[in-house]
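**Q**
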Amino acid sequence: MVLSTCNRSEVYGVPPETSHECAPGLSNFLSEFHSVRMDVLGVSLYHHYDREAVRHLFRVAAGLDSMMLGEAEILGQVREAYRVAHEQGATGPVLNRLFQGALEVGKRVRAETELGTRPMSVASAGVKLAERIFGKLDEHAALVLGAGTISEQVIAQLRDRGIARLFVMNRSKDRADGLAKQYGGEVIPWGDWEKALPVPDVIVSSVSSEEPVLRREMLVKAMEKRGNRALFLMDLGLPRNIGGNVGNLYNVYVYNMDDLTEIVAQNRQARENEIPKAASIVEEHVGKFLSWQASVELVGLVNELRTRIREERAQFIRARVESIKHLTEADRAHVEKLMDEMLENLLLEPAQRLRSEKDLRRKVQNVEALRDLFLSNRVKS
39 MVLSTCNRSE VYGVPPETSH ECAPGLSNFL SEFHSVRMDV LGVSLYHHYD
89 REAVRHLFRV AAGLDSMMLG EAEILGQVRE AYRVAHEQGA TGPVLNRLFQ
139 GALEVGKRVR AETELGTRPM SVASAGVKLA ERIFGKLDEH AALVLGAGTI
189 SEQVIAQLRD RGIARLFVMN RSKDRADGLA KQYGGEVIPW GDWEKALPVP
239 DVIVSSVSSE EPVLRREMLV KAMEKRGNRA LFLMDLGLPR NIGGNVGNLY
289 NVYVYNMDDL TEIVAQNRQA RENEIPKAAS IVEEHVGKFL SWQASVELVG
339 LVNELRTRIR EERAQFIRAR VESIKHLTEA DRAHVEKLMD EMLENLLLEP
389 AQRLRSEKDL RRKVQNVEAL RDLFLSNRVK S
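Each number in this note's numbering comes from the position in the sequence shown (counting from 1) with 38 added on.
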């Protein structure tokens, strides 16, 4: 199955042969499918096998392997990839268990740590500060000055947080029209401050200007018209777009790029402090999955051994018991039953000991040792 995110495309599978033998064929397929030479594609490829493959997926779901540490969207992308693959019949018992485990890891990390709770971008940090002042934004309006990349990021965050009304003002009306249409906002002509400033509770400015765009006297008038209701100003311009003495006004809150960058840096450190907790959850679930997998393999191994023993028993009876002429059919049936009971008893104790083994590494090693000892000829044939 395929997992695609903003910065990765990964293929997960349970190959019939060993993972190490399968990887080159999969790499060649990707090269041919995307018409990219192998020497070009190869530098971007990575392979994980067995325990490391499980750990990698669980770290991805936890947000530990994202471009932005603790990224929230990744868990939804893992869930969607699994849903599509499952609906298409592309997952079996192992992948089902693996991805269900990954989703559980992601949920626990988000519930039990603060890895994904603090804003990691200037835009999200600014909107989060606005929410601290106003609470929910679904009864408030925002004005965004500028229509560049940063302005669009803030607009997206405001819409995501439920802003009730959105106004866009930009020197280029075409760009303002485009953003307003995309995000369901209204355009105010550039410079119409009498109309623009009294209404919004949140004003974001990110324009190129040598002089402050919003000056103290402009905001004094606006605050009078709005009855001195709280006003949150986000200055994302370089040089700054808001006059330096505006923050002294009553009930006006001003945060500039330096303030928000510092907040993001603190948030990043706080998230990094949560890495050990998240990694511990990952390792716990890696152990659970591998223990389950070893138990499944144990059941399969015991069944294989039972089949092998019955075949050997049948050959033995044909070669030895049937040559004893004085045995009746009832005698032969009794001998076969006794042999079956003896062989089942021989299997019972090793199987029980393997099931009760708490050390995962020893359990896996013992399963593989039994397979090599008793089924190696069968595997090779």
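In this text, a Cβ means the ideal position worked out from N, Cα and C, and glycines have one as well.
Given a threshold of 16 other Cβ atoms within 10 Å of its Cβ, counted over all protein chains shown, does N266 qualify as buried or as exposed?
**A** Numbered from its first residue, the sequence shown carries residue 266 at position 228. Classification for N266: exposed.
**Q** In the DSSP assignment, the beta strand (DSSP E) including V240 goes from what residue to what residue?
**A** Looking up residue 240 in the sequence shown gives position 202. Start and end: V240 to S243.
**Q** Helix, strand or coil: which one does DSSP assign to S246?
**A** For the purposes of this step, residue 246 is taken as residue 208 along the sequence shown, with counting starting at 1. The answer is coil: DSSP assigns S246 none of H, G, I, E or B.
**Q** Which same chain residues, not among the five before or five after R416, have their C-beta less than 7 angstroms away from its C-beta?
**A** In the sequence shown, residue 416 corresponds to position 378, counting from 1. Residue placement at R416 is poorly supported in this model, since its pLDDT is 49, which falls under 50; the coordinates still yield a value, given next. These residues qualify, in order along the chain: R346.
**Q** Mapping DSSP to helix, strand and coil, what is N305?
**A** Here residue 305 refers to the residue found at position 267 when the sequence shown is read from its first residue. Of the three classes helix, strand and coil, the one that applies to N305 here is helix, per DSSP.
**Q** Between which two residues does the alpha helix (DSSP H) harbouring M257 extend?
**A** As a first step, residue 257 is located in the sequence shown; it is residue number 219 there, counting from the start. In the sequence as presented, Met is not what sits at residue 257; that position holds Leu. L257 -> alpha helix (DSSP H) spans R254 to K263.
**Q** I need the DSSP call for L106, collapsed to helix, strand or coil.
**A** Numbered from its first residue, the sequence shown carries residue 106 at position 68. With the sequence shown as reference, residue 106 is identified as Met, and Leu is not the correct amino acid for it. Looking at M106 - three-state DSSP - the assignment turns out to be coil, as it is neither helix nor strand.
**Q** Where do the ends of the alpha helix (DSSP H) carrying N423 lie?
**A** Residue 423 lies beyond the stretch modelled for the chain, which goes from 39 to 419, so this question has no answer here.
**Q** Hey, does R264 have any beta-carbon neighbour from chain B nearer than 8 angstroms?
**A** Among the chains in the structure shown there is no chain B, since it carries only a single protein chain.
**Q** I need the boundaries of the alpha helix (DSSP H) containing N134, first residue and last residue.
**A** Numbered from its first residue, the sequence shown carries residue 134 at position 96. Where N134 is concerned, the enclosing alpha helix (DSSP H) stretches over P131 to E150.
**Q** Put D273 into one of helix, strand or coil per three-state DSSP.
**A** If you number the sequence shown from 1, residue 273 lands on position 235. It is a strand residue.
**Q** What are the partner residues of T43, as DSSP defines its beta bridges?
**A** Position 5 of the sequence shown holds residue 43. For T43, which the question treats as bridged, DSSP gives the partners R46.
**Q** Taking C-beta to C-beta, are T151 and A316 nearer than 8 angstroms?
**A** Within the sequence shown, residue 151 is the residue found at index 113, counting from 1. Within the sequence shown, residue 316 is the residue found at index 278, counting from 1. Taking 8 angstroms as the Cβ cut-off, T151 and A316 qualify as a contacting pair.
**Q** If you run the structure through DSSP and keep just helix, strand and coil, what is R203?
**A** Along the sequence shown, read from residue 1 onward, the residue named residue 203 stands at position 165. Looking at R203 - three-state DSSP - the assignment turns out to be strand.
**Q** Going by beta carbon distance, what residues of the same chain come within less than 8 angstroms of L141, once the five residues before and after it are set aside?
**A** Locating residue 141 in the sequence shown gives position 103, counting from the first residue. Excluding sequence neighbours, L141 sits near A99, L113, V116, R117 and Y120.
**Q** Does DSSP put A180 in a helix, a strand or coil?
**A** For the purposes of this step, residue 180 is taken as the residue at position 142 of the sequence shown. The answer is strand: DSSP assigns A180 an E or B state.
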